[in-house]
Structure formats: C-alpha cells, structure tokens
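FYI, numbering that gives the first Met the number 0 numbers position 63 of the sequence shown as 62, with every residue one higher than the one before it.
Worksheet: the structure to be examined is printed underneath.
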Amino acid sequence: MKRFMVGIVVGLFLAGSGALASDTKDYIGHFGDMDGNKDKGVTWEEFGAFFPGAEKAKFEEADQDKNGKIDHGEWHKFKDKYGYGHKSKK
Numbered sequence: 000m001k002r003f004m005v006g007i008v009v010g011l012f013l014a015g016s017g018a019l020a021s022d023t024k025d026y027i028g029h030f031g032d033m034d035g036n037k038d039k040g041v042t043w044e045e046f047g048a049f050f051p052g053a054e055k056a057k058f059e060e061a062d063q064d065k066n067g068k069i070d071h072g073e074w075h076k077f078k079d080k081y082g083y084g085h086k087s088k089k
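Next comes the structure, spelled out in structure tokens:
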C-alpha cells in the first residue's frame, strides 16, 4: 500500500511539473490570423505573438524550407502531422 501511495504522489508531482506533458502544445489557429502583416508568411515574432510561450523548435519544424517564415502549405503540413486539423484558436 505504501508503494502504491508513493507512486501516486510521484505521478501527481510529475504531472504537475509538466514532465509527463507532450512535447507539443495545441498549436491551433488559422494561418491568416497568425500572419499579422498579411505578407503570406508567418515569422517567429508573429508565431510567438499568436502563441504566447511557443517553442521556437516547433516554429523551426514548421518552417520546412528554413527561410525564416512559415507559409500556408507548411502550416497545414505541420498541423496535419500533429492532428490539429483546421480548427480556430478562438
């Protein structure tokens, strides 16, 4: 019983600390809503403004051609990879 309780406490601690969390957060949003200046490319700054606390590694992953911007096609490939579909953040 004591071992069981220790397991529960450790599990709750890890869950609360984020150690059990996925390496992705919910990056859900329409491309046009992220593209603040409407130049058909989302920069890291725009991405971070739309997703506060965003992971730069996820931006870089979505930017498949490594040109410093995510285009519409790259964004949908990234969302499809993680099953985010075409939902709105709002």
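We put the beta carbon where it would ideally sit given N, CA and C, even for glycine.
**Item:** Contacts around residue 63, its chain only, beta-carbon distance under 6 angstroms, and the 5 residues preceding and following it disregarded
**Value:** The sequence position of residue 63 within the sequence shown is 64, counting from 1. Counting only Cβ-Cβ distances below 6 angstroms, and skipping sequence neighbours, we find 73.
**Message:** My assumption, with CB atoms under 8 angstroms, is that residue 35 sits in contact with residue 45. Please give the rounded CB distance.
**Reply:** Locating residue 35 in the sequence shown gives position 36, counting from the first residue. Locating residue 45 in the sequence shown gives position 46, counting from the first residue. Rounded, the Cβ-Cβ distance is 5 angstroms, consistent with contact.
**Item:** Cβ shell of residue 71 (< 6 angstroms), same chain only, five flanking positions each side left out
**Value:** Taking the first residue of the sequence shown as 1, we reach residue 71 at position 72. 30, listed in sequence order.
**Asked** Among all the DSSP beta bridges, which residues are the ones paired with residue 69?
**Response** On the sequence shown, position 70 is the one that residue 69 refers to. Residue 69 is bridged to 41.
**Request:** Starting from residue 35, trace the alpha helix (DSSP H) both ways and give me its first and last residue.
**Result:** Translated into positions along the sequence shown, residue 35 becomes position 36. That residue, residue 35, is in no alpha helix (DSSP H); it is neither H nor E in DSSP.
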